[in-house]
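To start, the structure itself, in structure tokens.
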Amino acid sequence: MFLNKSNLYTIECETLRKPTVAMLHFPEKVLQFGTGVLLRGLPAYFIDQANSKGIFKGRVVVVKSTSQGDLKSFISQDNLYTLCVEGIQNGEITQQYEINASISRVLSANEQWAEVLATVEQESLEIIISNTTEVGIQKVSEPMFSQVPTSFPGKLLRLLHHRYTYFSGALDKGMVILPTELISNNADMLKAIVLELAAEEELDDAFLSWLSEANYFCNTLVDRIVPGKLSALTQQDRAQKLGYNDSLMIMAEPFRLWAIETSSPKVRSILSFSQADEGVKIVGDIHKFKELKLRLLNGTHSLCCAYALYNGFDTVREAMENADFRAFIQTLMFEEIAVAIESEELSAQECKEFAESVIDRFSNPFLAHRWASITLNYSSKMHLRTVAILKSYVARKGSLPTKFVQGFAAYIQFMCSQKEGANYFAVVRGNMIPLQDEQAAKFYNYWKSPATVVTNVLGDSSLWGEDLTRIAGFVEAIELALKEFQK
Numbered sequence: 001m002f003l004n005k006s007n008l009y010t011i012e013c014e015t016l017r018k019p020t021v022a023m024l025h026f027p028e029k030v031l032q033f034g035t036g037v038l039l040r041g042l043p044a045y046f047i048d049q050a051n052s053k054g055i056f057k058g059r060v061v062v063v064k065s066t067s068q069g070d071l072k073s074f075i076s077q078d079n080l081y082t083l084c085v086e087g088i089q090n091g092e093i094t095q096q097y098e099i100n101a102s103i104s105r106v107l108s109a110n111e112q113w114a115e116v117l118a119t120v121e122q123e124s125l126e127i128i129i130s131n132t133t134e135v136g137i138q139k140v141s142e143p144m145f146s147q148v149p150t151s152f153p154g155k156l157l158r159l160l161h162h163r164y165t166y167f168s169g170a171l172d173k174g175m176v177i178l179p180t181e182l183i184s185n186n187a188d189m190l191k192a193i194v195l196e197l198a199a200e201e202e203l204d205d206a207f208l209s210w211l212s213e214a215n216y217f218c219n220t221l222v223d224r225i226v227p228g229k230l231s232a233l234t235q236q237d238r239a240q241k242l243g244y245n246d247s248l249m250i251m252a253e254p255f256r257l258w259a260i261e262t263s264s265p266k267v268r269s270i271l272s273f274s275q276a277d278e279g280v281k282i283v284g285d286i287h288k289f290k291e292l293k294l295r296l297l298n299g300t301h302s303l304c305c306a307y308a309l310y311n312g313f314d315t316v317r318e319a320m321e322n323a324d325f326r327a328f329i330q331t332l333m334f335e336e337i338a339v340a341i342e343s344e345e346l347s348a349q350e351c352k353e354f355a356e357s358v359i360d361r362f363s364n365p366f367l368a369h370r371w372a373s374i375t376l377n378y379s380s381k382m383h384l385r386t387v388a389i390l391k392s393y394v395a396r397k398g399s400l401p402t403k404f405v406q407g408f409a410a411y412i413q414f415m416c417s418q419k420e421g422a423n424y425f426a427v428v429r430g431n432m433i434p435l436q437d438e439q440a441a442k443f444y445n446y447w448k449s450p451a452t453v454v455t456n457v458l459g460d461s462s463l464w465g466e467d468l469t470r471i472a473g474f475v476e477a478i479e480l481a482l483k484e485f486q487k
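Read in order, the letters of the sequence shown are residues 1 to 487 in the UniProt record's numbering.
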């Protein structure tokens, strides 16, 4: 049996949450750009949760902007799909299954642009969500009105201008715009590009005023691992367990966070789905959530990945199953990173709670997150994620964070590569791992002189934005850690 509306209520599975009939007929309140798994596993999850509790009572029109893939699965399944929430929460394994009914339609931007434009003629439509990857929020100067714009900012401008025209510039017909691309200040960047494009098109001042005053561009931060399509074996197992086949089935971890930045009571009212789940945070400033994720989650990943690979662990889960390595991660997070980032804005309790959630996430038995994949753009990640931790810890404690030093030393050792043609490879326990790092050539040259490599690396301001040899004892600590490591 396949998942669709006709079969929906013949499915018998006690562990499965199914939508009510009413949920299939709620009005369209959201226009979403992107069919990817993150949007289906996070915003659509929150909306469906709220709908099931009778709070938001709205559905999502999804726009497919790329030429990749097709819409056959969405059409054949009446836009229904299963979300498997599997992982560890509060130290306990959890498995939850639900059929998500939040999507009303899926349209192709290239083939159904007139229908996409018509969606903004609905009184009920109030929200636009996007996840077009980081590349999506870029300015592309192109004709806006004689063709379907290729860029997302271009499409957004067309839609907003169409809504402005259709509703005769009514101030209460603006939209709440929530980009989820992983870019700092994503909404501010998007708004600036849209305004630039509007100016290039020489659109009238009244529209420009409406664009700025009637619409709410809200910076957001999303955080949830949604691996995507299940493996064939897992798909078969879940189909047996639930009693039906679903080609759109996806898996997500229990942890979920969608931080949305606004101080507007109107926006808070429009985003009423936030009332249904504590994972949605509507706040005046999302900086502290960015700091928690960047330092305790991403920073821990970066400081641990080379160290884990040298210790023989291929995945994060394997490392967490080792008592010694688990203790290493816990000390790094709770006693070093959390101490470094605590502030008036970010309490010790908030740091502790987030760190505990990271331990759960790293331990997820249903995910196989490979350490080698975390080494992508390793050097830039180390710069952005870890340098501030080091400086803050030293300033507060007057000493160096020991686990941090070990992780940093492992990274420098990892960047000691072999060169084949134009490619560089790290050698770890006899395995060749491709170095996808723009600084690979620089490290290759520094490692030609092992005696000076630490001083050269730490003193290179182009890597760190400053000279790290000025931090008292850091060079000596890294050199000692490298010697121990190389044994």
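By construction, the Cβ of each residue, glycine as well, lies at the ideal position given by its N, Cα and C atoms.
Beta-carbon proximity list for residue i, same chain, < 6 Å, skipping 5 on both sides
i, result
"Ala340", "Ile389, Ser392 and Tyr393"
"Ala372", "Ile433"
"Thr262", "Cys218"
"Gln439", "Ser379"
"Ser247", "Ser73"
"Glu115", "Leu107"
"Ile260", "Cys218, Thr220 and Ile282"
"Lys293", "Asp223"
"Ala276", "Gln49, Ala50, Lys53 and Ile55"
"Asn245", "Phe2 and Ala239"
Distance CB(residue i)-CB(residue j) smaller than 8 Å
i, j, result
"residue 490", "Asn100", "Only positions 1 to 487 of the chain appear in this structure, which leaves residue 490 out of reach."
"Ile282", "Ser269", "no"
"Glu253", "Leu367", "yes"
"Ala481", "Val405", "yes"
"Leu83", "Ser108", "no"
"Met382", "Ser302", "yes"
"Phe129", "Pro43", "The sequence given here places Ile at residue 129; Phe does not occur at that position. Closer than 8 Å, so yes."
"Ser363", "Arg317", "yes"
"Val63", "Gln89", "no"
"Gln413", "Ala306", "yes"
"Ile137", "Asn186", "yes"
"residue 489", "Val61", "No information on residue 489 is available, as it lies outside the stretch 1 to 487 that the chain covers here."
"Ala355", "Phe325", "no"
"Asp188", "Phe255", "no"
"Thr180", "Phe152", "no"
"Lys403", "Phe328", "yes"
"Glu98", "Leu38", "no"
"residue 565", "Ala422", "Residue 565 lies beyond the residue range present for the chain, which begins at 1 and ends at 487; the question has no answer from this structure."
Limits of the unbroken beta strand (DSSP E) element including residue i
i, result
"Glu92", "Glu92 to Asn100"
"Ser343", "Note, Ser343: premise wrong, no beta strand (DSSP E); not H, not E."
"Ile433", "Asn431 to Pro434"
"Ile270", "First-last for Ile270: Pro265 to Ile270, but that is the alpha helix (DSSP H), not the beta strand (DSSP E)."
For residue i: DSSP bridge partner residues
i, result
"Lys229", "Ile250"
"Glu28", "Arg59"
"Ala259", "Leu221 and Lys281"
"Ser130", "Phe33 and Pro179"
"Glu86", "Gln95"
"Tyr81", "Asn100"
"Ala426", "Ser417 and Ile433"
"Arg105", "Val61"
"Tyr216", "Val176"
Residue i - containing alpha helix (DSSP H), residue span
i, result
"Val194", "Asn186 to Glu200"
"Arg211", "It is worth fixing the name first, because residue 211 is Leu in this sequence and not Arg. Start and end: Asp205 to Glu213."
"Ser373", "Trp371 to Ile374"
"Phe145", "Unbroken run through Phe145: none, as it is neither H nor E."
"Val116", "Trp113 to Thr119"
"Leu171", "Note, Leu171: premise wrong, no alpha helix (DSSP H); not H, not E."
"Tyr164", "Phe152 to Tyr166"
"Cys13", "Neither: Cys13 is in no alpha helix (DSSP H) and is coded neither H nor E."
"Ile471", "Neither: Ile471 is in no alpha helix (DSSP H) and is coded neither H nor E."
"Glu353", "Ala348 to Phe362"
"Trp464", "Ser461 to Trp464"
Same chain only: Cβ atoms within 7 Å of residue i, ignoring 5 sequence neighbours per side
i, result
"Thr150", "Val140 and Glu142"
"Glu126", "Lys29, Met175, Val176 and Ile270"
"Phe26", "Asn51, Lys57, Gly58 and Arg59"
"Phe425", "Ser417, Gln418, Met432, Ile433, Pro434 and Leu435"
"Phe474", "Leu400, Leu458 and Leu468"
"Ala308", "Ala319, Phe325 and Trp371"
"Lys448", "none"
"Lys288", "Glu345 and Leu346"
Sequence-distant residues of the same chain with beta carbon closer than 8 Å to residue i, five excluded per side
i, result
"Trp210", "Tyr164, Gly169, Leu171 and Gly174"
"Leu230", "Cys84, Arg238, Met249, Ile250 and Met251"
"Asn456", "Tyr446 and Ser449"
Check: residue i C-beta below 7 Å from any heavy atom of the ligand GTP
i, result
"Thr94", "This structure lacks the ligand GTP, and indeed carries no ligand of any kind."
Considering only residues of the stretch 390-418, which uninterrupted beta strand (DSSP E) runs meet the minimum length of 3 residues and lie entirely inside it, listed in chain order? none
Contained alpha helix (DSSP H) runs [length at least 4] in the stretch 285-346, N- to C-terminal order: 287-292, 300-310, 316-320, 323-330 and 338-341
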